[in-house]
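Data block below; observations after.
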Amino acid sequence: MTVRVSRTFEFDAPAEDVWAFISDAEKRAGAISVVDTFEVHDERRATWHVALPIPMIRSTISVETEEVERDPPNRVKFVGKSKAFRVTGEHTITEADGSCRLANEFVVNGRLPGVESFFERNFDAELDNLEDALRASLGSAV
Numbered sequence: 686m687t688v689r690v691s692r693t694f695e696f697d698a699p700a701e702d703v704w705a706f707i708s709d710a711e712k713r714a715g716a717i718s719v720v721d722t723f724e725v726h727d728e729r730r731a732t733w734h735v736a737l738p739i740p741m742i743r744s745t746i747s748v749e750t751e752e753v754e755r756d757p758p759n760r761v762k763f764v765g766k767s768k769a770f771r772v773t774g775e776h777t778i779t780e781a782d783g784s785c786r787l788a789n790e791f792v793v794n795g796r797l798p799g800v801e802s803f804f805e806r807n808f809d810a811e812l813d814n815l816e817d818a819l820r821a822s823l824g825s826a827v
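Note that this note's numbering has the sequence shown beginning at 686, numbered continuously upward.
Set out below in structure tokens:
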């Protein structure tokens, strides 16, 4: 089973300001509640240590993430690989009259029992966290 989720956010901010947040691996990782710790290796690669509260996993999972596409200030796509799951995330920014839209899409393929159902139950809350962090960075109310 594959879990796929999409959500779009609207911001009264220039695309460059949204890009500054969404293209930063540290800011993206910091917004996700299950990311326990992370290391940024360079502009395109990072390791996320993810704590999933499911029975098969007793410690954090190292997820090696890498940006596979980058088109500033419009689009960034990353892939994360681990022994428990593979995730693809894509963020696309479109601008119109001083405001912009951020389209987010995530796809998770679980490799261990319970991973996909965890993400299916929790993706909405994680996207709320991402939106809240982005709005805070822009100085706008949620």
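Cβ atoms here follow ideal geometry from the backbone N, Cα and C, with glycine treated the same way.
C-alpha distance - residue i paired with residue j, whole-angstrom precision
| i | j | result |
| --- | --- | --- |
| F804 | E751 | 20 Å |
| A710 | W704 | 11 Å |
| E811 | L797 | 20 Å |
| V772 | I739 | 17 Å |
| A826 | L815 | Its pLDDT being 49, under 50, A826 is placed unreliably in this model, and the coordinates cannot settle the point. |
| E793 | V719 | Checking the sequence, you will find Val at residue 793 rather than Glu. Cα-Cα distance, rounded: 14 Å. |
| T687 | L787 | 23 Å |
Exposure of residue i, with buried meaning 16 or more beta-carbon neighbours within 10 Å
| i | result |
| --- | --- |
| G715 | exposed |
| V761 | buried |
| S802 | exposed |
| G774 | buried |
Where the alpha helix (DSSP H) through residue i begins and ends
| i | result |
| --- | --- |
| I717 | Premise fails: I717 is in no alpha helix (DSSP H) and is neither H nor E. |
| I739 | Taken as a continuous stretch (DSSP letters only), I739 belongs to no alpha helix (DSSP H), as it is neither H nor E. |
Host beta strand (DSSP E) of residue i (start-end)
| i | result |
| --- | --- |
| N814 | No beta strand (DSSP E) holds N814; the alpha helix (DSSP H) holding it covers V800 to L823. |
| A731 | R730 to V735 |
Bridge partner(s) assigned by DSSP for residue i
| i | result |
| --- | --- |
| S691 | E790 |
| R829 | Nothing about residue 829 can be read from this structure; the chain reaches only from 686 to 827. |
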